[in-house]
Amino acid sequence: VAQLPANRWGCYDMLGNVWEWGSDEYRKESNSARPIPRSDKGVYRVLRGGSWAEMPERMGSATRSFQLPGFAGPEVGVRLVVSDVV
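The sequence shown lines up with residues 43 to 128 when you count with my numbering.
So, in structure tokens, the structure goes:
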């Protein structure tokens, strides 16, 4: 952890560890896949950021994929975030 320099926002190790679960559902609309707000209609949930198992070009912060809720694997995880905004 923190063996490389922090990014411009002071965060370390943000990319390339594991895909991060999101709460957005993932649907294809108009021939392009994009995350949309969660509802009871969608099946898949968004995964973002890529993992250690991906090619370097698939490890950007804007990279998105999808999976069924409850999917588990060595390349999927979560990132806990604490906000100091009260």
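Using N, Cα and C, we set each Cβ at its ideal position, and we do this for glycine too.
Through-space distance from R87 to S72, alpha-carbon basis: By 1-based counting over the sequence shown, the position of residue 72 is 30. By 1-based counting over the sequence shown, the position of residue 87 is 45. For S72, the predicted model reports a pLDDT of 39, less than 50, meaning its position is unreliable and no value from the coordinates is stated.
Using 10 angstroms around the beta-carbon of D66, count the other beta-carbons present and answer buried if the total reaches 16, otherwise exposed. In the sequence shown, residue 66 corresponds to position 24, counting from 1. By the 10 Å Cβ count, D66 comes out buried.
Note down, in chain order, each residue of its chain lying with its Cβ closer than 6 Å to the Cβ of R100, except the 5 sequence neighbours on either side. As a first step, residue 100 must be located in the sequence shown, where it is residue number 58. Correct list, in chain order: G92.
From which residue to which residue does the beta strand (DSSP E) around R90 run? What you label residue 90 is simply residue 48 of the sequence shown in a count that begins at 1. Segment 86-90, the beta strand (DSSP E) holding R90.
Starting from R106, trace the beta strand (DSSP E) both ways and give me its first and last residue. Position 64 of the sequence shown, counted from the start, is the residue given in the question as residue 106. Where R106 is concerned, the enclosing beta strand (DSSP E) stretches over 106-109.
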